[in-house]
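Residue numbers (our numbering): 637 to 1200.
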């Protein structure tokens, strides 16, 4: 089964430490139990017990220290990071969050040429430390061009830092806050490490009402030495953006984890509840919503896993991950919202009950599309790849599943963040010709109609400046790339034609919805509107296939229930 089931955990690992980390993490939450997890969530309790577990078992030290900087079994291994993020999301976004902002805080440090600060970070991880990423500011948000954090040289090789940061996770306890600013004398960008416990580090408040501490803090004449400098100039700028490249991928896995737990709760409740002298799961519309949610969730996981393969083979010559990575952030997380909406429409009022993990997930799932750059920001990013994706494919060797125990060195040596329009991709038709199901056939016709529109009626100069118009086209492009990696991974995971066709059932419908949106834009031309009408298609009905997939969903009814 592709979906995570903590009670029947049987994933293959290349080394024993990876297995140990996952099983011990699962055991921590199952021993804690749903009641205590829910009580802590509602009481907004700082998760000291979880961080004590992390410290005792050296979990973050193993998972977040690149090879050569820590213990022999530590490495930055995206294959096992995927599952760890999924497990944390499964048991609660708050536990995922403190790890996620630690990942972000560590990014600039592991990219640094400053060996002493790397040694400090590795030592802090061994001691159970957490980290923070001091990028955003209250007045500027994530507009890093406009930072008001200023480092002023003191004439003796040291600096003082003055300025504030806002919305900084772990800002209350971080061993090192990787803080972004500018040098007063040169106006160059700079990253430096701040200690959240220093007396010149003024913690103002938690800006969110949650278990997480999302800090507002001010530095007032905070002393900074060269040993605290992480990066300067272009290196600092690239470190900021490349860290986000690493971190935003993890948001998709939090969504997958939450949706999986919610699916188990929803199907268990619905299949054991009788209304009007029949089980809830006997209602046709309920079957449809569950089947749709299941297909979307399987697709989310197949895509995110395959995107990891491209991250792990990335190099200066192969930067395809820069398309797939933001799609995990924006496409997988918005699909997660769709999954939760479908499940909530089934269980209705039950989804509000305080003893359900669902109640928490239904709220927290909304955060993920809005963090590490909004959906709109990420779609605006990926449209830069559209021309080369459709019209200038390059030859690449087929990428195998990257599940080896290896350090992902390139992630901390990504280089300059420019040149996105020059990135080339392998031919998407290879994946789309690998299967032959009815709905996949319809979807291929929709792709052909979209590509024809790009050739015969591309966006004119005004439309290219119309972000709203470009976003509508970007949604369609995202669907094509989404389906490509789903098909590639369906082959690797031996996913049945039934499930693949059910996935493309909703993909056809989503394509039609986005085509209608593009058709309806105020600036769309008559030719473009005619092309959009050709893209609006109906999925092929196959009742036997649908019933077989529905049975897979229904069989999950008693597969998992969290310890009370």
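Ideal Cβ positions, reconstructed from N, Cα and C, are used throughout, including at glycine.
- Ends of the alpha helix (DSSP H) at residue 795? Walking along the chain shown from the start, residue 795 turns up at place 159. That residue, residue 795, is in no alpha helix (DSSP H); its beta strand (DSSP E) goes 795 to 805.
- Helix, strand or coil at residue 853 [DSSP, three-state]: Within the chain shown, the letter at position 217 stands for residue 853. Residue 853 falls in the strand class under three-state DSSP.
- How many angstroms separate the CA atom of residue 766 from the CA atom of residue 1113? On the chain shown, residue 766 is found 130 positions in, with the first residue counted as 1. On the chain shown, residue 1113 is found 477 positions in, with the first residue counted as 1. Answer to the nearest angstrom: the Cα atoms are 38 Å apart.
- Query: Between which two residues does the alpha helix (DSSP H) carrying residue 789 extend?
  - Reply: Against the chain shown, residue 789 aligns to sequence position 153. Premise fails: residue 789 lies in the beta strand (DSSP E), 786 to 789, not in any alpha helix (DSSP H).
- Item | Segment limits, beta strand (DSSP E) that includes residue 868 | Sequence index remark: in the chain shown, residue 868 carries index 232 (1-based). Note, residue 868: beta strand (DSSP E), 865 to 868.
- Do you know whose CA, among 979, 781, 1107, lies nearest residue 817's CA? What you label residue 817 is simply residue 181 of the chain shown in a count that begins at 1. The option with the nearest alpha carbon to residue 817 is 781.
- With 16 other Cβ atoms within 10 Å as the buried cut-off, status of residue 724: Looking up residue 724 in the chain shown gives position 88. Under this definition residue 724 is a buried residue.
- Query: First and last residue of the beta strand (DSSP E) that includes residue 768?
  - Reply: Reading the chain shown from its first residue, position 132 is the one you call residue 768. 767 to 770 is the span of the beta strand (DSSP E), which, as asked, contains residue 768.
- Tell me where the beta strand (DSSP E) around residue 1046 begins and ends. In the chain shown, the residue the question calls residue 1046 occupies position 410. Here residue 1046 belongs to no beta strand (DSSP E), and DSSP marks it neither H nor E.
- Item | Cβ-Cβ distance between residue 1165 and residue 1147 below 8 Å | Locating residue 1165 in the chain shown gives position 529, counting from the first residue. Locating residue 1147 in the chain shown gives position 511, counting from the first residue. No, the pair does not count as a contact, with Cβ atoms beyond the cut-off.
- According to DSSP, is residue 744 helix, strand or coil? The residue you call residue 744 lines up with position 108 of the chain shown. Residue 744 falls in the helix class under three-state DSSP.
- Closest Cα partner of residue 761 within the set 739, 747, 776: Numbered from 1 along the chain shown, position 125 holds the residue referred to as residue 761. Selected option, being the one with the closest Cα: 739.
- Query: Quick one: Cα of residue 1153 to Cα of residue 953, how far?
  - Reply: Counting from 1 along the chain shown, the entry for residue 1153 is found at position 517. Counting from 1 along the chain shown, the entry for residue 953 is found at position 317. Cα to Cα, the separation comes out at about 36 Å.
- Three-state class that DSSP yields for residue 1195 in the structure shown: For the purposes of this step, residue 1195 is taken as residue 559 along the chain shown, with counting starting at 1. Here residue 1195 sits in coil by DSSP.
- Residues bridged to residue 812 by DSSP? Working through the chain shown from its first residue, we reach residue 812 at position 176. In DSSP, residue 812 forms a bridge with 767.
- Between the Cα of residue 1015 and those of 982, 1115, 1091, spot the shortest distance and give me the residue it belongs to. Here residue 1015 corresponds to residue number 379 of the chain shown, with the count starting at 1. Nearest option by C-alpha distance: 1115.
- Message: If I follow the unbroken beta strand (DSSP E) through residue 841, where does it start and stop?
- Response: Working through the chain shown from its first residue, we reach residue 841 at position 205. Start and end: 837 to 842.
- Message: Which of the three DSSP states is assigned to residue 830 in this structure?
- Response: For the purposes of this step, residue 830 is taken as residue 194 along the chain shown, with counting starting at 1. In the structure shown, residue 830 sits in a strand (DSSP, three-state: E or B).
- Task: Would you identify the three-state DSSP class for residue 818, choosing helix, strand or coil?
- Result: Here residue 818 refers to the residue found at position 182 when the chain shown is read from its first residue. Reduced to three states, the DSSP call for residue 818 is strand.
- Rounded straight-line distance, which links the Cα of residue 843 to that of residue 785: Here residue 785 refers to the residue found at position 149 of the chain shown. Here residue 843 refers to the residue found at position 207 of the chain shown. Residue 785 and residue 843: Cα-Cα distance of roughly 19 Å.
- Look at the alpha carbon of residue 905 and the alpha carbon of residue 969, and state the distance between them as a whole number of angstroms. On the chain shown, position 269 is the one that residue 905 refers to. On the chain shown, position 333 is the one that residue 969 refers to. Cα to Cα, residue 905 sits roughly 24 Å from residue 969.
- Task: Confirm, please, whether the CB-CB distance from residue 832 to residue 744 is below 8 Å.
- Result: Mapped onto the chain shown, residue 744 falls at position 108. Mapped onto the chain shown, residue 832 falls at position 196. Going by C-beta atoms, residue 744 is not nearer than 8 Å to residue 832.
- With DSSP as the reference, label residue 911 as helix, strand or coil. Position 275 of the chain shown holds residue 911. If DSSP states are grouped into helix, strand and coil, residue 911 belongs with the strands.
- Query: Which one of 718, 1033, 1143 has the shortest CA to CA distance from residue 735?
  - Reply: As a working note, residue 735 is residue 99 in the chain shown. For residue 735, the nearest C-alpha among the options comes from 718.
- Consult DSSP for residue 953 and reduce its assignment to one of helix, strand or coil. Position 317 of the chain shown, counted from the start, is the residue given in the question as residue 953. Coil at residue 953, not helix or strand.
- In angstroms, rounded to a whole number, what distance separates the CA positions of residue 702 and residue 653? For the purposes of this step, residue 702 is identified with residue 66 of the chain shown, where counting begins at 1. For the purposes of this step, residue 653 is identified with residue 17 of the chain shown, where counting begins at 1. Those two C-alpha atoms are separated by around 15 Å.
- Item | Enclosing alpha helix (DSSP H) for residue 987 [first to last residue] | Within the chain shown, residue 987 is the residue found at index 351, counting from 1. Per DSSP, residue 987 belongs to no alpha helix (DSSP H) and is neither H nor E.
- Item | DSSP three-state assignment for residue 1208, whether helix, strand or coil | The question about residue 1208 has no answer, for the chain in this structure spans 637 to 1200.
- Query: Just checking my contact of residue 963 with residue 1018 at CB under 8 Å: how many whole Å lie between their CB atoms?
  - Reply: As a first step, residue 963 must be located in the chain shown, where it is residue number 327. As a first step, residue 1018 must be located in the chain shown, where it is residue number 382. Yes, residue 963 and residue 1018 are in contact; Cβ-Cβ is about 7 Å, under 8 Å.
- Message: List, from N- to C-terminal side, the beta strand (DSSP E) runs of 3 residues or more that fit wholly inside the segment 1108 to 1193.
- Response: none
- Message: Which residue wins for smallest C-alpha separation from residue 1070, given the options 1087, 1057, 1132?
- Response: Translated into the one-based positions of the chain shown, residue 1070 becomes position 434. The candidate whose alpha carbon is nearest that of residue 1070 is 1132.
- Item | Span of the alpha helix (DSSP H) around residue 577 | With the chain represented from 637 up to 1200, any question about residue 577 goes unanswered, as that position is not in the structure.
- Message: Between which two residues does the alpha helix (DSSP H) holding residue 972 run?
- Response: The residue you call residue 972 lines up with position 336 of the chain shown. Residues 969 to 983.
- Please confirm whether residue 808 and residue 849 have their CB atoms less than 8 Å apart. On the chain shown, residue 808 is found 172 positions in, with the first residue counted as 1. On the chain shown, residue 849 is found 213 positions in, with the first residue counted as 1. Yes, the Cβ-Cβ distance between residue 808 and residue 849 is below 8 Å.
- For residue 1163 versus residue 1093, is the C-beta distance shorter than 8 Å? Your numbering for residue 1163 matches position 527 in the chain shown. Your numbering for residue 1093 matches position 457 in the chain shown. Their beta carbons are under 8 Å apart, which means residue 1163 touches residue 1093 by this criterion.
- Give the C-beta separation of residue 771 and residue 828 to the nearest angstrom, bearing in mind that I take them to be a contact with Cβ-Cβ under 8 Å. In the chain shown, residue 771 corresponds to position 135, counting from 1. In the chain shown, residue 828 corresponds to position 192, counting from 1. The Cβ separation is near 13 Å, so there is no contact.
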